[in-house]
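Protein chains in written order, with the working numbering: chain B, 221 to 635; chain C, 221 to 635; chain D, 221 to 635; chain A, 221 to 635. Glycine residues also receive a C-beta, built at the ideal position from the N, C-alpha and C atoms. Notes follow once the structure below has been shown.
4 protein chains.
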Amino acid sequence: MNHNKISQRKIINDPVYGFITVPGDLLFEILEHPYFQRMRRIKQLGLTHYVYPSALHTRFQHALGCMHLMSQTIEVLQSKSHWITEEEQEGLLIAILLHDIGHGPYSHTLEQSIVKGFTHENLSLMFMDALNNHFQNRLAIANSIFRDDYPKKFLHQLVSSQLDMDRLDYLTRDSFFTGVSEGIINTDRIIKMLNVANDELVVDVKGIYSIEKFIISRRLMYWQVYFHKTVMAAEYMLINILKRAKYLAENGVKLFATPALEIFLANSPSSVDFQKDKSWLINFSLLDDYDIFASIKVWMDHEDRILSILCKNLVNRHLYKIEIQNEPFSPSYSDTIRTETSKALHLSNEETGYFVIEDNVANNAYNPNNDKIKLLYKDNHLKDVSEASDQLNISVLSTTVRKYLLGYPKNINIS
Amino acid sequence: MNHNKISQRKIINDPVYGFITVPGDLLFEILEHPYFQRMRRIKQLGLTHYVYPSALHTRFQHALGCMHLMSQTIEVLQSKSHWITEEEQEGLLIAILLHDIGHGPYSHTLEQSIVKGFTHENLSLMFMDALNNHFQNRLAIANSIFRDDYPKKFLHQLVSSQLDMDRLDYLTRDSFFTGVSEGIINTDRIIKMLNVANDELVVDVKGIYSIEKFIISRRLMYWQVYFHKTVMAAEYMLINILKRAKYLAENGVKLFATPALEIFLANSPSSVDFQKDKSWLINFSLLDDYDIFASIKVWMDHEDRILSILCKNLVNRHLYKIEIQNEPFSPSYSDTIRTETSKALHLSNEETGYFVIEDNVANNAYNPNNDKIKLLYKDNHLKDVSEASDQLNISVLSTTVRKYLLGYPKNINIS
Amino acid sequence: MNHNKISQRKIINDPVYGFITVPGDLLFEILEHPYFQRMRRIKQLGLTHYVYPSALHTRFQHALGCMHLMSQTIEVLQSKSHWITEEEQEGLLIAILLHDIGHGPYSHTLEQSIVKGFTHENLSLMFMDALNNHFQNRLAIANSIFRDDYPKKFLHQLVSSQLDMDRLDYLTRDSFFTGVSEGIINTDRIIKMLNVANDELVVDVKGIYSIEKFIISRRLMYWQVYFHKTVMAAEYMLINILKRAKYLAENGVKLFATPALEIFLANSPSSVDFQKDKSWLINFSLLDDYDIFASIKVWMDHEDRILSILCKNLVNRHLYKIEIQNEPFSPSYSDTIRTETSKALHLSNEETGYFVIEDNVANNAYNPNNDKIKLLYKDNHLKDVSEASDQLNISVLSTTVRKYLLGYPKNINIS
Amino acid sequence: MNHNKISQRKIINDPVYGFITVPGDLLFEILEHPYFQRMRRIKQLGLTHYVYPSALHTRFQHALGCMHLMSQTIEVLQSKSHWITEEEQEGLLIAILLHDIGHGPYSHTLEQSIVKGFTHENLSLMFMDALNNHFQNRLAIANSIFRDDYPKKFLHQLVSSQLDMDRLDYLTRDSFFTGVSEGIINTDRIIKMLNVANDELVVDVKGIYSIEKFIISRRLMYWQVYFHKTVMAAEYMLINILKRAKYLAENGVKLFATPALEIFLANSPSSVDFQKDKSWLINFSLLDDYDIFASIKVWMDHEDRILSILCKNLVNRHLYKIEIQNEPFSPSYSDTIRTETSKALHLSNEETGYFVIEDNVANNAYNPNNDKIKLLYKDNHLKDVSEASDQLNISVLSTTVRKYLLGYPKNINIS
């Protein structure tokens, strides 16, 4: 390693891992690019801080965390004699650093309201191409690993699979910042147990209990954080606000908005539009949490009653009341709710849809139909973790758990 | 305690302390008031996250943390037979919860640019009065403790003094979220050592080493975080942006701004204006981090070159280069800097002031001229900690350490 | 609370919980009694430190930790309006403090070798009676709670049940000191979720994921720590050493031993003997880790070859090689092992038993046939956790997992 | 690195650092040698657990911790282009692993009672020579580094200096296990700041606040843990017990003792004896905490009243009452104490010396007369930390703080 490189080496404080080292010039330059810096302004968990006030961490921190875990993993795999060239190492670090770069502000919410028709995965690929261009093709290997067309298949699995660096970091980081300490997993030990067999990422059998713990932790985080009913109440409210704003904009109602948001209220570019006209990606890159929330604050005083009520409620945290249960709600019950709401707030049928929400969420702890977690035994045979575990047996784990939600204004009373 | 009260008891996850309990109805109602909720949108450490990416915690979390420590302290003092009535307890909890409510977004920055002429302390008093009004005088004791006109003097010291709950929480919390773990103090032990003598808050002599550690930690946080040169570079840039925006607005240049910011760009209400016209406080309460940064992002494309350069630099994190030293910079050196900058960027003299900053910062670890930290010995005599400590002697501790700063664009080269 | 009491209040540093307060005079006096102080000399996890070098914590620390959690639990239950009188509080604290006082050194090992015929539970009762006598019947309520003949049944469950303070502390403490951080449970949250319904200890339904995590953590600790094959190798070796020593003593062979150990090598008092002659309890109270290991070190040079080999191997950590599998070992395989061992070491059939061990261990994560963990729903109905959980279903959880062990000297090679 | 080596790589759980890797075969073999294994039976902090019950960690754990920090430091220094050959790396790791191997049980206590006339440093050298012999001269470089006759001088400083791995680990570890969390230092950051200039170990100037914190933490640990008056009370009692036992043994009184202790009660080998007769080192290697405490327990019933009282008091934790002050005690006061004690316990003048202790302890936070801590500035000049720090000025830091102790039985009342 030459001396110039070292002088560039940056160390970043991270409450989760202590210190994160940025290993190399190219990585540092990517970090400094506005496309990457914008992730400083996009919270990882959207509105979750309404329930867990410290959950304000950003996609920027998460990306750095993933890179840090990737460095550790590379070291472990090398020590187990799995050769990864210096170019591949850099590719892995870049690929994981950029794996989430396509996320917009309040990502899932946005995808259900004003920026429909393409996912953050599409956008990540477009950003990665744009950056590869900007950096004169120096991101080619990263790109190839990310798209899974690189010959060594296990490299892609480090970026995207059941045990990728993304999951290891987000579970750890989300647990840490929410304060839901039960979600914390032992990344240190899981990483020490990673191995490669037949060009596949696997886990040494000694790590079986850590993997069980990882699966249970993930499940806990889903129900206790990601699907927490108050978090979902806030997210549905945000979706309805953005839908209403877009509806108003499309119908010619004047509406304050930051320019970055305005353009997406006024237009609905498709995935194809993004491909054809590069300026759409630039527009998208200017949109962040600040645009959304600054605009919502102004809408509290908008003359459209629906919009103004929803915005006041969100800003002042008067969220929907959410009921949650294992079976669908009876149509008669949800109809009653809708009727009462419409009466109480003097709303038309259509307008009531902004105030009563009905939906369901589902999760399975471990889905062996997707890629599996395989254990490596001392005699070199492999076994799926769900078959290897004495107690986390497959029939139970693969069951999809689905919960039904009904949300409505807090002051609606059903007797 | 009656049953209704209990049903209201809210528990909040906090990564720093685990769980924070909101002890009582009134406190919970204050928490839900928009004046308090707005603190969710004001970061405790402004732009510090440009250096320490996780330092995104808000004044909301800090206020809750202070309340938590106050509960613990009340319990400790009661166990040492210092009587605090239930009304006083509630007063203490409210007073500490609201002690910082007057802070605006990027507080110190704002006070040096667009909201001049009064401090956050003034504003805290105004907010507290407004809330006391709203809650029909139920905040009277809190108010009195906060203003230090309550008879039991040590109660005020719990809210504001060298060892108040504010400092204990902010040192702990800022260390935690920056990841500067050396700043962490042992609040648990310090609180267990608190005592009261002659109506004064004191520390049991057994706690002397914890207090020494506290003073040293505070000093470390000042130089490693609060006065970190890159943090200051970002803050000076923000001050200059807001100054320029205000200058443009006052000179009739059209400027995008959220309504909450616009009103303070267009007007300069004095402290007296705030007293006379209650709507100023309401206007101020609508201003938060979102307004500032959403507007700055738009100004990146403003036609005023000064404004647009500064905003692009801040958003993309191209900050001033800062030199720091123990003596003032020689006038000839800083003049050269100014000349080179003005030449390189084609700036007038006056305009150069937005790009070259010269200032100094000072801190003393322990200032015995303000209120002192007194140790309580077993024979009941008291001694100032700086006299009691074997090694932190007073002459050294009370020295003010002052450092001089010179900041200018990174690409200016002085040969 | 009067002033004298306070002056006695002792605070003890604990790396796990920070500080532990000893709440009251009687508890402090019990703590100072030699019967309690002896627990300082008995490691909680016997020889586990041979695998996890920091697992040196003692039953003394564990007892203090349990008392600390009991204080917290009492506070939580009181806040949920479950009345516990001051006498009952003291009773609970004493009962949990003394729940393990009957443990001897290397407890389970001893019970299988030199102190057969009664369990540590019997002995705990005898110690508790003796202490109740010594303290003039002031331990009567504690005693009654411990024996489960106190009218309020849930008090006993706090001391002994699936969710007692014992389990909460030992899982936390053992995880902490072994460094197996995945075993760590969130005692804080579990305790906050405890409740009482129909005089039974239950868990608020909100705590379901914490309970799942607790069950999985416990399972992990069993297989990763308590049944770790190297830990078991050390324990079997200790059992065989003590068996051999007792055999030699009974056959008149002279043997160095500390007096406290000597008496139990020379005699085999029954449970009835302990009841009849109080001096047996006093003898037992003098026995601790120091007696066992100091004697073993001397026996390294004993003329009996079996004893001396075993002792050298234990002291210098040349432990059995252990094979572990889910089915019993075939008789032909274990016979071969025995034959090879007897040949290699020139041992008779009987002597070979000291060098080849065959056994099995079993654990089920949750046994609903014993007392259950019940969840309390908002409408006040109760459900067993194994039925309530979406994924930890009962058939899987209640399966007993049994593993078979075969241990023999490391240098025996089977080809 | 070849594959065989890897299969040997051992990972050890450590609650302080997570995982410790044993990097290489030779290190693993040293670890398994009985001379090293014996450190499992020697507590790092002797009787400190009488005040901090969890302070049971051993010299074994400390040695592993030092090795771990050394690995990290080597990596940091290499990354700063300071070349350390593989042989030197192994030498450093071995040297630090063995730096304390000469410690006996309750080391300082022993050196003041039964094993006088040579220090643990002498013994460490003898053990290291013996091991070098055993391992056919493969410890030669380690040996040379340890003795400071290796040409690269900074290597020795990593093993022994103001900032050696020993101090970094013991401060961290002792803080951790005592639970005195204020003593915790940031080893991670200090190590990242280490550098080499002119063949000397130095600290990058950015690390100045971490070093200040390190010096203050060390001072805190001295007064709060190592010189805690109750810890010292226990240690003086142990010294007096061993002195008395040796006195009795030398006067022909029969005394139970484990063989390993007996030989040192009956003999007083000099440093020269150890050199001449290798069996003395072997004898010494058999002595550990178990011998001392197992014997003391038996002596509780010895017919010598002095010995039996002292032993009962130590075992049951009835320690001396200790007074501590900044000036020497007046002779008249200490004479009164002695007279009262002798009267109360019916003791001769000479015997009273076992019950009344008078001594002093001293510490200075930073002694610039010994080797200094030097800071490395960007322009490559060096400055002593005490001159560089704004507030830890040299006159204050270099002052020796001395405290005077007077200890006597608790029931002696002076009116």
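In the pairwise beta carbon analysis, the region 486-503 of chain A is classified as not touching the region 536-556 of chain A: fewer than three pairs are separated by under 8 Å.
Residue-level contact check: Gln444 of chain A touches chain C, since one or more beta carbons of chain C fall below 7 Å from its beta carbon. Taking a C-beta distance under 7 Å as the contact criterion, Leu481 of chain B and Asp511 of chain B qualify as a contact pair.
With respect to the 7 Å criterion, Thr556 of chain A and Ile459 of chain A are not classified as neighbours on the basis of their beta carbons. Secondary structure note for Asp511 of chain C: its alpha helix (DSSP H) is the uninterrupted segment Asp509 to Trp519.
DSSP lists A:Asp234 as the beta-bridge partner residues of Gly238 of chain A.
Each residue's CA atom was taken as its position, placing Tyr624 of chain C and Ser606 of chain A some 22 Å apart.
Chain order gives the chain A residues near Lys412 of chain B as Ile231 and Phe239, where near means a beta carbon separation below 8 Å. In the DSSP annotation of this structure, the continuous segment of the alpha helix (DSSP H) that includes Tyr467 of chain A starts and ends at Lys449 to Glu470.
Going by DSSP, Arg622 of chain D is part of the beta strand (DSSP E) stretching over Val621 to Tyr628. When D:Leu485, D:Tyr467, D:Gly244 and D:Thr478 are compared, the shortest CA-CA separation from Ser515 of chain D is found for D:Thr478. Separation of the CB atoms of Leu318 of chain A and Phe347 of chain A is rounded to 7 Å, and the pair is thereby assigned contact status at 8 Å. Under the three-pair Cβ rule at 8 Å, the region 381-399 of chain A counts as touching the region 264-274 of chain A.
Residue pairing by DSSP places Glu420 of chain B opposite B:Ala417 in a beta bridge. The Cβ atoms of Arg537 of chain A and Gln257 of chain D sit closer than 7 Å to each other.
Under the Cβ criterion of 7 Å, Asp408 of chain C is counted among the residues facing chain D. As DSSP reads the structure, Gln545 of chain C sits in a beta bridge with C:Tyr624. Here Leu506 of chain C carries a coil assignment [DSSP, helix/strand/coil]. With contacts defined by Cβ atoms closer than 7 Å, Tyr442 of chain D and Asn587 of chain D do not form a contacting pair. Counting only the Cα atoms, Tyr272 of chain B lies some 14 Å from Thr278 of chain B.
Around the beta carbon of Tyr553 of chain A, a 10 Å sphere encloses fewer than 16 other beta carbons of the protein chains shown; the residue is thus reported as exposed.
Nearest C-alpha to Gly322 of chain C among C:Ile231, C:Val423, C:Ser505 and C:Tyr456: C:Ser505. Runs of the alpha helix (DSSP H) lying entirely within the region 379-420 of chain C, each at least 4 residues long, are 385-398 and 407-413 in chain order.
DSSP places Ile529 of chain C within a helical segment (H, G or I) once states are collapsed to three.
Excluding residues up to 5 positions away in sequence, Leu530, Asn533, Leu534, Leu539 and Tyr540 lie with their Cβ nearer than 7 Å to the Cβ of Met457 of chain B in the same chain. In the structure shown, the three-state DSSP call for Lys594 of chain B is strand. If you check each beta-carbon in the region 509-537 of chain C against every beta-carbon of chain B, the ones closer than 7 Å belong to Tyr510, Asp511, Phe513, Ala514, Lys517, Val518, Asn536 and Arg537. Close to chain B, meaning a Cβ-Cβ distance shorter than 8 Å, are the following residues of the region 427-453 of chain D: Tyr429, Ser430, Glu432, Lys433, Ile436, Ser437, Arg439, Leu440, Trp443 and Gln444. Scanning A:His522, A:Phe355 and A:Ile410 for the CA closest to the CA of Leu247 of chain A turns up A:Phe355.
Just so you know, the alpha carbons of Ala275 of chain D and Leu289 of chain A end up roughly 21 Å apart. Classified as exposed, Arg367 of chain C has fewer than 16 neighbouring CB atoms from the shown chains inside 10 Å of its CB. Distance from the CA atom of Asp234 of chain D to the CA atom of Ser401 of chain A, rounded to whole angstroms, is 10 Å.
DSSP links Thr278 of chain D through a beta bridge to D:Lys263.
Residue pairing from DSSP leaves Ala360 of chain D without any beta-bridge partner. For Ile365 of chain D and Trp519 of chain A, the gap between their C-alpha atoms comes out near 38 Å.
Per DSSP, the beta bridge partners of Asn580 of chain C are C:Tyr624.
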